[in-house]
Amino acid sequence: MEEEIRGAILPNNSTTTTTNRSNSSSSISNTSTRKLSYLSKVESNITILSGIFPFSSQVTSSLSSSSLSSFDNIMTDHSKVCRYCLSDDETSEWLAPCKCIGTMKWVHLSCFEQWLSFAPYAMKYSCAICSYVYRRQWKLKSYKNWHWPQFHLRITDLLGIYFDITLTYRIYRYFPRCLDNRVTFFLYASYLLLWKLVVLSRIRLNFYSNIVYDIITSICSSKVLDAL
């Protein structure tokens, strides 16, 4: 009788042990997957920001060995980590310029200003992740700190500006004669259509708004504030 009871208990114990092992192995695999995902994000951040923020060889070589421990720290500790330099040191003033949360929330003010100087024009006004428009505080510079705007225009940009000015001038000039006959009407209508599709496109409007931004920043200084 005792042997039958032991035989009935042992399979149940073995089944329970197998279930516990499978649960533990699945949790380990989930943790490993999360760590690998974190490592891939770190490597992609390094690839993107390596041209803007120089990493020392010592930090870069030790990053892979310390990434797992930093992952555990980030998952358990909600301390501030700069999204650009991936550092939690108090090297500069902390700033939360947008509505992003988690490890993407905080940036060093110096890192953020350096990022804005190299960022594409569309990303100088709003966050590329949450699309929050940065709050800015403008202040007029002293006269000795004024400088010529740095447009960094290419030949294609100059040709585009010439085309836009010429097309706008033709629309203004031929407006009084647009109703003279059918030919001039359709010619003027084609000018208006081309002007709307090209000059009023989002790309061109962003281009000219950034030129205005460069002109303003040559005589004024701006500071990004914390998001509301």
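Start counting the sequence shown at 1; every next residue gets the next number (the UniProt record's numbering).
Glycine included, each C-beta is placed from N, C-alpha and C at the ideal position.
Query: Bridge partners for Cys-220 per DSSP, in chain order?; Result: Leu-140
Query: Name the DSSP beta bridge partners of Leu-95, please?; Result: Val-107
Query: Could you give the residue range of the alpha helix (DSSP H) that holds residue 296?; Result: As displayed, the chain neither begins before 1 nor continues past 228, which places residue 296 out of reach and without an answer.
Query: Taking all protein chains shown into account, do 16 or more other C-beta atoms lie within 10 angstroms of the C-beta of His-147, making it buried, or fewer, making it exposed?; Result: exposed
Query: Determine the extent of the alpha helix (DSSP H) in which Tyr-125 is found, giving its start and end residues.; Result: Premise fails: Tyr-125 is in no alpha helix (DSSP H) and is neither H nor E.
Query: Is it buried or exposed for Arg-135, if we count other Cβ within 10 angstroms and need 16 for buried?; Result: exposed
Query: At the level of alpha carbons, what is the spacing between Leu-68 and Lys-99?; Result: With a pLDDT of 43 at Leu-68, under the threshold of 50, the modelled position of that residue is not reliable, and the figure given next carries that caveat. C-alpha separation (whole angstroms): 27 Å.
Query: What are the residues that DSSP puts in a beta bridge with Val-133?; Result: Ser-126
Query: At which residues does the alpha helix (DSSP H) containing Val-183 begin and terminate?; Result: 182–198
Query: Three or more C-beta pairs closer than 8 Å, one from the segment 78–85 and one from the segment 104–113: is that the case here?; Result: yes
Query: Pick out whichever of Asn-181, Pro-176 and Ile-161 has its Cα sitting closest to the Cα of Tyr-208.; Result: Ile-161
Query: In whole angstroms, give me the CA-to-CA distance for Ser-110 and Lys-223.; Result: 11 Å
Query: So, for Ser-221: in the same chain, excluding its five sequence neighbours on each side, which residues have a beta-carbon less than 6 Å away from its beta-carbon?; Result: Lys-139 and Lys-141
Query: Determine the direct distance from the alpha carbon of Leu-193 to that of Thr-168, and round the result to whole angstroms.; Result: 12 Å
Query: Exposed or buried, which one is Phe-112 when buried takes at least 16 other CB atoms within 10 Å?; Result: buried
Query: Which residues in the same chain as Glu-93 place their Cβ atom closer than 6 Å to its Cβ, once the five residues preceding and following it in sequence are excluded?; Result: Leu-109
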